Each structure stands twice: as structure tokens, then as C-alpha cells.
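These notes are about the structure you will find just below.
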């Protein structure tokens with residue numbers, strides 16, 4: 002068997018440990034940056050989503066009261082990103098509120114986009130909130146900055162109430178900036194939890210977002226990663242209690258039926274003032290009491306403190322109405 006010179010050279014290289022590395026192997030190597038923390042952090046924060054869903058409702062009430070216009074706020078998304086990616090997406094000028102959540106260490110950020118700021122300012126000064134032209138890159142005036150600072154402070158304070166179901170935190174407004182470069186609350190490579198809200202005012206959708214450093218949430222992360230089934234149950238029971246209380250205060254219209262009579266259309270068309278109609282109601286028998294045209298009680302007519310009154314003698318249960326309808330089909334309309 003003959004060995005070619007090319008094959009012989011390859012055998013010599015392999016015996017000396019000089020085997021060439023294929024280009025396909027080198028191409029499959031992907032660089033990994035330890036600074037990119039979002040590569041190793043996974044999972045959702047259902048507890049935080051619950052907090053911000055409550056916050057959206059509270060913020061809508063705060064903005065509605067401040068501007069005397071109907072405002073709708075909806076949470077769009079909660080996600081984990083690098084702070085650099087988040088802050089680079091903010092277009093100046095914007096209202097960037099730096100705030101703290103004591104006893105958590107560090108600072109968080111609330112960002113109102115420029116359009117939202119101008120709509121709020123316009124409404125607070127008596128305008129209609131409809132932007133006739135793009136505000137461009139004009140910076141906010143001193144008066145605008147002070148006005149939006151008050152709104153931002155109230156919005157931050159609402160966070161404290163929204164967090165109570167998870168943890169007792171004190172939300173404190175620190176300062177207001179208008180350019181992202183002055184709000185380096187964490188290093189650029191650090192991971193932050195960002196939540197975006199859609200703010201609907203006068204059929205115009207604007208954006209507000211909240212940015213909280215991921216490491217800042219360490220002391221309460223276990224609560225945020227939990228399922229919060231118990232909390233949701235407590236909230237549902239609270240809603241049921243409020244609904245029941247409001248329902249019990251609802252005023253119902255009761256109608257006491259003196260009797261019924263069936264007449265032919267020919268006779269009905271000839272009725273005049275002073276004519277008599279014979280009712281099917283016995284003079285000594287109980288009268289029917291209806292709510293919403295549904296028979297609920299029977300009782301006897303009388304007087305109480307100089308006014309007409311009715312004494313309830315019988316409570317009509319739903320099954321009684323259905324039984325009566327089956328036994329007396331011709332009278333079923335009386336109980337419907």
C-alpha cells in the first residue's frame with residue numbers, strides 16, 4: 002500500500018501534537034460577558050405585577066382628580082433589562098423622577114414621556130389637552146417643571162399604598178430631572194425591573210414607566226416571586242364585601258298590585274271616566290307585592306301613622322313561583 006506525501010505529512014503533525022483546529026469549531030464559540038446579568042436572571046415577578054396593577058388604578062384616580070378629566074392607566078409589560086438599554090430608550094426632555102423605597106437600599110426611577118408632560122400641563126392650565134403640534138426638543142420651563150414635580154410627587158406617593166399588600170415601604174420623591182444623563186441610579190450593566198404603563202387622556206395614549214434595580218429588591222424578592230393566591234383571595238373578599246355593602250344600600254321599587262282584569266279590546270276602546278272594572282282580587286284576600294315585575298310577597302292593605310301601608314304576610318320563594326306556574330299555566334304570567 003502506497004502512502005501519499007500529503008497523508009504522511011498529516012500523520013507527522015498529529016504525532017507531534019500539531020493537529021490544526023477546524024474553522025467550524027472556532028466559529029461555534031460564543032463570547033460570554035459576566036457583566037450582562039440578564040443572561041443569568043430568569044423568571045417572572047408575579048408579586049410585582051400585582052403591585053403595579055393596583056398602582057395603575059390608583060394613578061388613574063390621582064391624575065383624574067388633578068386634571069379633572071377622565072384618565073385610564075393600564076400596565077403594559079414588566080420585564081428585566083440592562084439599565085443602559087432602558088435609559089438609552091428615553092428621549093429627552095422627559096420628566097425623570099428619582100425616588101426611594103425605604104427601607105430598601107438604593108434609588109428607583111419614574112419616567113413620564115414628553116407628550117404626557119405637555120398634555121398634563123395643558124390641562125392644568127385650562128387647555129383641552131390636545132397637542133396641535135409636536136413640542137419638539139424644547140426643554141421644560143421653570144413653571145412647567147414645578148407643576149410636573151407636584152404631579153410626580155403624588156404619583157410616587159401612590160406607590161407606597163400599592164406596595165402595602167406585599168411589604169411596608171416608604172416611597173419618597175427625591176428630585177426631578179429632565180435629561181437621562183443625570184439619573185445614573187445604578188451602573189449601566191446592572192439589571193433593572195422596568196414596567197411600562199399606557200396613560201390614555203383625551204383619546205391620546207402616552208407612556209409612563211418605572212425602573213427599579215433588581216438588586217434593590219433582594220430583601221423582598223421571595224415575596225415577589227411567590228404566587229400570591231392568598232393575597233388575591235383577600236382582595237377578592239374585600240371587593241365582595243364592598244359590593245355587598247353597596248348592594249344593600251340599593252333602593253328597590255315595590256309595586257302593590259290591587260288586582261287584574263281582562264277585557265275585550267272592543268270594551269277597552271269604549272272605556273270612559275266613571276266606568277267600573279271588576280278585578281280578580283278578593284276584597285278580604287292578600288295583595289301581591291312585586292319587585293321588577295316579579296312576585297316576591299303577599300300582604301294586607303292597611304294604614305300606619307296616617308298613611309297607606311301594607312303588612313307582609315307571606316314570602317314567595319323562587320321554587321314556589323315555579324311550582325305555581327307548573328300547576329296553573331294560565332296564571333304563570335302573574336309571577337314572571
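Numbering (this note's numbering), first residue to last: 2 to 337. In this text, a Cβ means the ideal position worked out from N, Cα and C, and glycines have one as well. This one's a predicted model, so the numbers in the text were calculated from it and none came from an experiment.
query	result
For residue 49, is the classification buried or exposed, using 16 other Cβ atoms within 10 angstroms of its Cβ as the cut-off for buried?	buried
Given this structure, state the Cα-to-Cα distance separating residue 269 from residue 262, to the nearest angstrom.	11 Å
Residue 111 lies in the beta strand (DSSP E); which residues open and close that run?	109-113
When DSSP labels each residue in this structure, what does residue 252 get in the three-state scheme?	coil
Per DSSP, residue 80 forms a beta bridge with which residues?	195
Using only the alpha-carbon positions, how far apart do residue 99 and residue 255 sit?	58 Å
Quick check: the stretch 74-94 against the stretch 188-199, are there 3 or more CB pairs under 8 Å?	yes
Excluding sequence positions up to five away, which residues of its chain have a Cβ less than 7 Å from the Cβ of residue 27?	Because the pLDDT at residue 27 is just 48, under 50, the model does not fix this residue reliably, and the value given afterwards should be weighed accordingly. Excluding residues within five positions, none has a Cβ falling inside 7 Å.
My parser needs the beta strand (DSSP E) runs of 3 or more residues fully inside the stretch 248-303; what are they?	255-258 and 288-292
Mind checking which residues open and close the alpha helix (DSSP H) that includes residue 47?	47-68
Look up residue 318 in the DSSP assignment and say whether it is helix, strand or coil.	coil
Among 60, 313 and 112, which has the Cα closest to the Cα of residue 183?	112
Which one of 287, 79 and 60 has the shortest CA to CA distance from residue 298?	287
Alpha carbon to alpha carbon, how far is residue 202 from residue 208?	11 Å
Along the chain, where does the beta strand (DSSP E) containing residue 97 start, and where does it finish?	96-103
Just list the residues that DSSP pairs residue 148 with in beta bridges.	Its beta-bridge partners do not exist; DSSP assigns none.
Going by the DSSP bridge assignment, what does residue 308 pair with across the sheet?	305
Applying the 10 Å Cβ sphere with the 16-neighbour rule, what's the burial state of residue 131?	exposed
Would the stretch 135-150 and the stretch 109-127 be scored as touching if the rule is three or more Cβ pairs under 8 Å?	yes
Could you give the C-beta distance for residue 194 and residue 172, rounded to a whole number, given that I count them as a contact under 8 Å?	About 16 Å separates the two Cβ atoms, so there is no contact after all.
Quick one: grab the DSSP three-state call for residue 174.	strand
Are residue 56 and residue 123 closer than 8 Å when you measure CB to CB?	no
Determine the direct distance from the alpha carbon of residue 242 to that of residue 101, and round the result to whole angstroms.	34 Å
Report the rounded CA-to-CA distance for residue 205 versus residue 300, giving the unit in angstroms.	57 Å
Please say whether residue 109 and residue 221 have beta carbons closer to each other than 8 Å?	no
Taking all protein chains shown into account, decide if residue 51 is buried (16 or more other Cβ within 10 angstroms of its Cβ) or exposed.	buried
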